[in-house]
Amino acid sequence: MDEVFKEVSDTLKIGKVEKYGPDELPAGPELEKAKEIILVEGRADIINLMRCGLLNTVALEGAKVAESIKTLCKEKEATALLDGDRGGDLIFKELLQVTDIKYIARAPRGKEVEELNCKEIFDALEARIPIKEAVSMKPETPKSLKREKPKVEMPKEILEAMKSLEGTLEAVLLNERFEQIERLPVSQLAEKLQQVEGVDTIVFDGIITQRVVDVASEKNIKRIVASRVSDAVKPSLTVELMTFAEVAPS
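All letters in the sequence shown, in the order written, are residues 235 to 484 by our numbering.
Listed below in structure tokens is the structure:
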């Protein structure tokens, strides 16, 4: 009974889990309008990702892949985020055979997606690999094939903000002197940016989305530094986009 109450409470806090397609698969509320989607194994995974602000999700609900999932994978850029166990291995093999997923990401070995915290989820998604590279690797041991990028020198105030934000899902707004204007949850970032003035730099623990870039451009914000940049984000001529991994002390 406690689990039922917990799920109801979580649902009230993060929004409603939708149903998608003729099979009524559990899905996040932004699945249909998103260009990038995340495939997970079950409804509990959907709820966990929604807690972390990831709403472009749909659950497979079994080893047999529904036709609606196959269609989605043809129309959108799909990443499969699977459990780090044998069940995840088997689903991975099935997805390889019947869908056009673009990326594969896995929970740490022995862990399930539904039990990961937000940092572990973002780490797993950042470590995803293209499916073309994954087919030459064993499903149970996918590894990140990260390309080394030159470090960008940043003032110590940005480095300090990065360190203080790690694992918090929060954002810090800095002025042109790199003084803190405000600290807030990432979920409120886009809305707050439209209200506040004098922001020069945004630093946050999360994924840079096109919406955040668009608002930042409108407000003449110079740079955004975050955990990672969504693959759907278009290059900006006015806003400098960087990940934590690309930043070095000045």
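Ideal Cβ placement from N, Cα and C applies to all residues, glycine included.
Spatial neighbours of residue i within its chain, please: CB distance less than 7 Å, with the 5 preceding and 5 following residues excluded, ordered by chain position.
i, result
"Glu499", "For the chain, the structure presents residues 235 to 484; residue 499 sits outside this window and is missing."
"Val449", "Ala424, Leu427, Gln428"
"Asp334", "Cys307, Lys308"
"Leu418", "Glu404, Ala405, Lys426"
"Glu264", "Leu289, Asn290"
"Ile272", "Leu283, Leu288, Asn290, Thr291, Thr313, Leu315"
Name the one or two DSSP bridge partners that residue i has.
i, result
"Ala339", "Leu315"
"Arg417", "Val406"
For residue i, which of helix, strand or coil comes out of DSSP?
i, result
"Gly440", "strand"
"Leu288", "coil"
"Ala297", "coil"
"Gln422", "helix"
"Val386", "strand"
"Thr305", "helix"
"Lys453", "coil"
Closer than 8 Å by C-beta to residue i: which residues in its own chain qualify, once you throw out the five before and the five after it? Chain order, please.
i, result
"Arg457", "Asp434, Thr435, Ile436, Val473, Glu474, Leu475, Met476"
"Ile392", "Leu408, Phe412, Thr435, Val437, Val459, Val481"
"Gly276", "Pro260, Ala293, Leu294, Glu295, Glu348"
"Val420", "Gly287, Leu403, Glu404, Ala405, Phe438, Asp439, Gly440"
Let me know if residue i comes out buried or exposed under the rule of 16 or more other beta-carbons within 10 Å of its beta-carbon.
i, result
"Pro260", "buried"
"Leu407", "buried"
"Lys310", "buried"
"Val459", "buried"
"Glu346", "buried"
"Arg362", "buried"
"Leu324", "exposed"
"Ser461", "buried"
"Leu283", "buried"
"Asp465", "exposed"
"Gly401", "exposed"
How far does the beta strand (DSSP E) with residue i in it extend, from its first residue to its last?
i, result
"Ala460", "457-463"
"Leu273", "270-274"
"Val481", "481-483"
"Ala466", "Ala466 -> no beta strand (DSSP E), and no H or E assigned at all."
Residues in the same chain with beta-carbon distance under 6 Å from residue i, minus the five sequence neighbours each way, listed in chain order, please.
i, result
"Ile355", "Cys286"
"Lys267", "none"
Looking at the unbroken alpha helix (DSSP H) that takes in residue i, where does it start and where does it end?
i, result
"Lys397", "390-399"
"Glu360", "352-360"
So, does the CB of residue i fall closer than 8 Å to a CB anywhere in chain D?
i, result
"Asn282", "As a matter of chain content, chain D is missing from the structure shown, which is built from one protein chain."
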